[in-house]
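Plus 20 on top of the position in the sequence shown (first one is 1) and you've got my numbering. For reference, the structure discussed in these notes is given below.
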Amino acid sequence: MPKGYWIAFVTVTDPAAYAGYQALAPEAFAKYGARFIVRGGEATALEGETWQRHVVVEFESRAQALACYTSPEYRAARNERAGACTANIVIVEGLPET
21 MPKGYWIAFV TVTDPAAYAG YQALAPEAFA KYGARFIVRG GEATALEGET WQRHVVVEFE
81 SRAQALACYT SPEYRAARNE RAGACTANIV IVEGLPET
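Structure (structure tokens):
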């Protein structure tokens, strides 16, 4: 079964409020077996919008990634970051394993 991935682009506009998200989100990620592939680091925008943070998170499946995003734990984290950042997040299915 192909893995599932979150790909997120984030720019934090209120670091103090965003800290609430950072305190709660790890619980959801741990519960759903998330593995961070990319979290921050140096980036160069070659096309499109420039974002402050780039994140790629791997899950066992696309369904698992969606379950994490819609979970009560992550919903609580999202509520904490409301108004504290601008984000663009997609969940995508990876290539079949060979």
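Ideal placement from N, C-alpha and C gives every residue a C-beta, glycine not left out.
Does the beta-carbon of R101 have 16 or more other beta-carbons within 10 angstroms, so that it is buried, or is it exposed?
With 16 or more other Cβ atoms within 10 Å, it is buried.
Cutoff 8 Å; reference K51; Cβ partners in own chain excluding five residues on either side:
Same-chain partners within the cutoff: C88, S91 and E93.
Three or more beta-carbon pairs under 8 Å between the stretch 65-73 and the stretch 24-40, yes or no?
Look at the beta carbons and you see the stretch 65-73 touching the stretch 24-40: at least three pairs across the two are nearer than 8 Å.
Segments assigned beta strand (DSSP E), at least 3 residues, entirely inside the stretch 77-117
You should have 105-113.
Q84 and G53 look like a contact to me (Cβ under 8 Å); what is the Cβ gap, rounded to whole Å?
Confirmed, Cβ separation roughly 7 Å.
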